[in-house]
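S.K.:
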Amino acid sequence: MSDNKPKASKVADADMPIYGGLGMTFMQFPLLSSWQNSEAEVVVSGVPYDMSTSGRSGARFGPEGVRSASINLVWEGARWPWQFALDDHLKVEDSGNVLFKHGEPQTLVDNLEAHIDKILDAGKTALTFGGDHFITLPILRAYAKKYGPFAVIHFDAHTDTYSGGTKYDHGTLFHHAITEGLIDVEHSIQIGIRTAYDYENHQFEVLDAAWVNEHGANATLERIKNRVGDKQVYVSFDIDGLDPSVAPGTGTPVQAGLSVDTCLKVIRGLRGNNLIGMDVVEVAPAYDHADITSLAGATIALEYLYVLAANKGAGTDYLSK
Numbered sequence: 000m001s002d003n004k005p006k007a008s009k010v011a012d013a014d015m016p017i018y019g020g021l022g023m024t025f026m027q028f029p030l031l032s033s034w035q036n037s038e039a040e041v042v043v044s045g046v047p048y049d050m051s052t053s054g055r056s057g058a059r060f061g062p063e064g065v066r067s068a069s070i071n072l073v074w075e076g077a078r079w080p081w082q083f084a085l086d087d088h089l090k091v092e093d094s095g096n097v098l099f100k101h102g103e104p105q106t107l108v109d110n111l112e113a114h115i116d117k118i119l120d121a122g123k124t125a126l127t128f129g130g131d132h133f134i135t136l137p138i139l140r141a142y143a144k145k146y147g148p149f150a151v152i153h154f155d156a157h158t159d160t161y162s163g164g165t166k167y168d169h170g171t172l173f174h175h176a177i178t179e180g181l182i183d184v185e186h187s188i189q190i191g192i193r194t195a196y197d198y199e200n201h202q203f204e205v206l207d208a209a210w211v212n213e214h215g216a217n218a219t220l221e222r223i224k225n226r227v228g229d230k231q232v233y234v235s236f237d238i239d240g241l242d243p244s245v246a247p248g249t250g251t252p253v254q255a256g257l258s259v260d261t262c263l264k265v266i267r268g269l270r271g272n273n274l275i276g277m278d279v280v281e282v283a284p285a286y287d288h289a290d291i292t293s294l295a296g297a298t299i300a301l302e303y304l305y306v307l308a309a310n311k312g313a314g315t316d317y318l319s320k
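So in numbering that gives the first Met the number 0, spot 196 of the sequence shown is number 195, and the numbers just go up one at a time.
#1: Ordered along the chain, which non-local residues of its own chain (more than five positions away) have a Cβ less than 8 Å from that of L263?
#2: Measuring CB to CB, does E75 end up less than 7 Å from F28?
#3: Please confirm if the segment 274 to 281 is in contact with the segment 201 to 220, defined as three or more CB-CB distances below 8 Å between the two stretches.
#4: Going along the chain, which residues of its own chain have a beta-carbon closer than 6 Å to the beta-carbon of L107, five neighbours each way excluded?
#5: Can you grab the Cα-Cα spacing for the pair D12 / D131, in whole Å?
#6: Of all the beta strand (DSSP E) runs that stay within the bounds of the segment 226 to 302, which reach a length of 3 or more residues?
#7: Let me make sure I understand the geometry here. Which of Y198, F128, L139 has the alpha-carbon closest to that of G180?
#8: Give a yes or no on whether the C-beta atoms belonging to L119 and K145 are separated by under 7 Å.
#9: For the structure I just gave you, are there three or more beta carbon pairs, one from the segment 302 to 311 and one from the segment 252 to 271, closer than 8 Å?
#10: State buried or exposed for D155, treating a residue as buried only when at least 16 other CB atoms are found within 10 Å of its CB.
#11: Count the CB pairs spanning the segment 49 to 59 and the segment 30 to 38 that are closer than 8 Å, and state whether there are at least three.
#12: Closest by CA to V205, which one among Q189, K117, T194, V211?
#13: For T171, which residues of its own chain have a beta-carbon under 6 Å away from its beta-carbon, when the five flanking residues on both sides are left out?
#14: Per DSSP, T124 is paired with what?
#15: For A39, I'd like the list of residues in its chain whose CB is within less than 7 Å of its CB, leaving aside the five on either flank, ordered along the chain.
#16: Contact defined as beta carbons within less than 8 Å: I believe G191 pairs with G240. What is the distance between those atoms, to the nearest angstrom?
#17: Could you tell me the boundaries of the beta strand (DSSP E) in which L139 lies?
#18: Should W81 be labelled buried (16 or more other beta-carbon atoms within 10 Å of its own) or exposed?
#19: Considering only their Cβ atoms, is the gap separating I134 from V46 smaller than 7 Å?
#20: Looking at the strands, I want to know which residues DSSP matches up with H174.
#21: Could you tell me the distance, in whole angstroms, from the CA atom of A7 to the CA atom of P104?
#22: Please confirm whether F173 and Q231 have their CB atoms less than 7 Å apart.
#23: Taking only the alpha-carbon atoms, compute the straight-line gap between G312 and M26 and give it to the nearest angstrom.
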C-alpha cells in the first residue's frame, strides 16, 4: 500500500488569482516578454482587482473585457479619423496582468507600484486597465516619484475625493493623492461629475456632466487646457463617467453622463499636451450589454495612444482644421 498522499493545492499560495490570466493582448500588440529587449514606448498592463468597490464588484474582469473588445478595432489599420497607422509610429507592448495575492490587498498595492516604477525607470509610459479605481493610487505614487506633482485630467461620475468611511477604497484615491502631495491639484480638473461632493473645500476644478453636455467638447477642451497649462498630465478615465446608455457595464452607474463621442473629441484635443500616462478603470463586463462598455474603454484607450503618436509628429486627423 502506497504511503504517498495527494499533494495539497497551491492555489492559495499563488501570486495571481485564478481570474487574472491573460487571454489576449490589447489590440494584438506584442506581449512584453523581455524587459531587457523591449522596444516599447508604451506598456499596457492589466490590474484585475476589485476588492475596493463600494457597490457592485466585477471590475476584476475589466482588463480581460477591454482587451477582448479591442479585437474589433484592429482591422482598420489607420483608425478613423487619424491619417496614419498607429503601429508605424508608436511601439506598444502588453505586459499582461500585475500579480498579487487575492485576499492580501497590500500585495496589490506594493506590486502595482513596483510594476509602474519599472515601466517609468525604463523610460516608457504606462497605459493601465483596471480593476476598480483604487488601482490609480499606487500608479500615482509611482509617477510622483518619477515626475513630482503633475496635473490630472479625471473623467468620472464621482470625484473620488471622499475622506469618510473606509480609508482606502475606489472613492478615496484622490483624497489621498492630494494629501500625499502626489498631484498638482491646482492644475487638475474633473470631467463628467454628477454626484455630491464638498463644493466649498473641493480643490479640483469640476466640469460636471450637465455643463459638458450643454457646452460640448470644444468648450470643455478650452477649460481643460486653461487649467492644466503646460504641466505634465496624467489621464484617469473611470468608465462610469459615460452615460449608462452607452456604458452599462460598471459597478456604480449614474444617469445623465457623457457621450463616447464627446470624450473621444476631448481626448483627441489633448494633442500637444505633455501626456505622461493613462488608466481606464471600472469596466465590469458582467453588467455589460453586447460588450459596448468594454468596447468604449478600448476605443478611448486607443484614441489616447493615437494622441501620443501624433505628439511625436506622426500626423494629424481628418477633422483637424
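Even for Gly, the Cβ is constructed at its ideal location relative to N, Cα and C. In this text, all values refer to a predicted model and were calculated from it rather than measured experimentally.
M.R.: From the atom records:
#1: T298, I299, E302
#2: no
#3: no
#4: Y48, F99
#5: Low confidence applies to D12: its pLDDT is 49, below 50, so where it sits in the model is not reliable, and the reading given next is rough at best. Whole-angstrom Cα-Cα distance: 23 Å.
#6: Listed in chain order, the complete beta strand (DSSP E) runs (minimum 3 residues) inside the segment 226 to 302 are 231 to 237, 273 to 280.
#7: For the residues Y198, F128, L139, the minimum Cα distance to G180 belongs to L139.
#8: yes
#9: As far as the Cβ criterion goes, the segment 302 to 311 touches the segment 252 to 271, which means the pair count is three or higher.
#10: buried
#11: no
#12: Q189
#13: Y161
#14: V41
#15: L31, K90, V91, E92, K123
#16: 4 Å
#17: Looking at the DSSP string, L139 is not in any beta strand (DSSP E); the run it does join, the alpha helix (DSSP H), is 135 to 146.
#18: W81 counts as buried, since at least 16 other C-beta atoms from the protein chains shown sit within 10 angstroms of its C-beta.
#19: yes
#20: Answer is none; H174 lacks a bridge partner.
#21: The predicted position of A7 is uncertain, since its pLDDT is 43 and thus under 50; a value taken from the coordinates is nonetheless stated next. C-alpha separation (whole angstroms): 24 Å.
#22: no
#23: 22 Å
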